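In the UniProt record's numbering, the protein residues as written are 1 to 165. By construction, the Cβ of each residue, glycine as well, lies at the ideal position given by its N, Cα and C atoms. Nothing here was measured: the structure is a model prediction, and the numbers come from that model. See structure below.
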């Protein structure tokens with residue numbers, strides 16, 4: 001017990017002597033004035049947040065691109081349907097358009113599209129093309145689950161007037 005007390009007393013005496021003579025004390029103050037590596041330390045602290053923001057912007061940008069493509073598919077399919085004389089022919093034109101022309105739209109896999117084309121129930125002179133896209137394969141779903149996420153299914157529709165005047 002006496003040995004432990006003497007080691008403790010010597011440690012306190014050594015600390016007091018170092019405080020009385022600053023030349024014996026290691027200079028921690030030089031780290032406060034040394035600016036040689038501050039940018040590296042700042043980068044190490046901010047880089048993960050910055051990279052997370054960039055990845056989030058890219059993932060949401062891809063989702064918005066897919067959403068825009070689905071809307072454009074619905075609009076183009078509706079414009080294609082104008083050439084049909086009746087609802088059956090218009091549906092066939094829309095189905096043919098989806099089967100052959102959707103591959104050119106970015107971020108959209110044609111096999112995950114669901115299309116419904118029919119005359120409007122509200123106004124018989126209008127034709128409605130509704131497109132749904134299952135967006136589960138987009139990279140946005142790999143982000144943090146606690147973030148507010150958009151719907152997994154992108155649904156868009158386009159209405160166009162059929163006929164002449």
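Where does the unbroken alpha helix (DSSP H) through residue 97 begin, and where does it stop?
Position 97 of the chain shown holds residue 97. Element bounds for residue 97: 87-101.
In chain order, what residues of the same chain have a beta carbon less than 7 Å from the beta carbon of residue 105, not counting five sequence neighbours either side?
For the purposes of this step, residue 105 is taken as residue 105 along the chain shown, with counting starting at 1. Result list for residue 105: 69, 72, 73, in chain order.
Are residue 138 and residue 56 closer than 9 Å when you measure CB to CB?
Residue numbering aside, residue 138 sits at position 138 when the chain shown is read from its first letter. Residue numbering aside, residue 56 sits at position 56 when the chain shown is read from its first letter. Not closer than 9 Å, so no.
Selection from 146, 96, 81, 140 that minimises the alpha carbon distance to residue 166:
The displayed coordinates of the chain run from 1 to 165. Any statement about residue 166 would go beyond what the structure contains.
Pairwise C-alpha distance: residue 37 and residue 154:
Within the chain shown, residue 154 is the residue found at index 154, counting from 1. Within the chain shown, residue 37 is the residue found at index 37, counting from 1. Near 48 Å, if we compare the C-alpha coordinates of residue 37 and residue 154.
For residue 130, write down the residues that DSSP places opposite it in a beta bridge.
Position 130 of the chain shown, counted from the first residue, corresponds to residue 130. Beta-bridge pairing links residue 130 to 116, 157.
So, with DSSP's three-state summary, where would you put residue 162?
Walking along the chain shown from the start, residue 162 turns up at place 162. Residue 162 falls in the coil class under three-state DSSP.
Can you say whether residue 122 is buried or exposed, counting buried as having 16 or more other CB atoms within 10 angstroms of its CB?
Here the question's residue 122 lines up with position 122 in the chain shown. Its Cβ having fewer than 16 others within 10 Å, residue 122 is exposed.
Go ahead and pull the three-state DSSP assignment for residue 109.
Start at 1 with the first residue of the chain shown, and residue 109 comes out as number 109. Residue 109: coil per DSSP, three-state reduction.
From residue 41 to residue 97, what does the alpha carbon distance come to, in whole angstroms?
Position 41 of the chain shown, counted from the first residue, corresponds to residue 41. Position 97 of the chain shown, counted from the first residue, corresponds to residue 97. Looking at the backbone, the Cα of residue 41 and that of residue 97 are separated by about 55 Å.
Near residue 78, what residues of its chain come up, given a Cβ to Cβ distance below 6 Å and the 5 sequence neighbours on each side ignored?
If you number the chain shown from 1, residue 78 lands on position 78. Cβ neighbours of residue 78 beyond the five flanking positions: 129, 158, 160.
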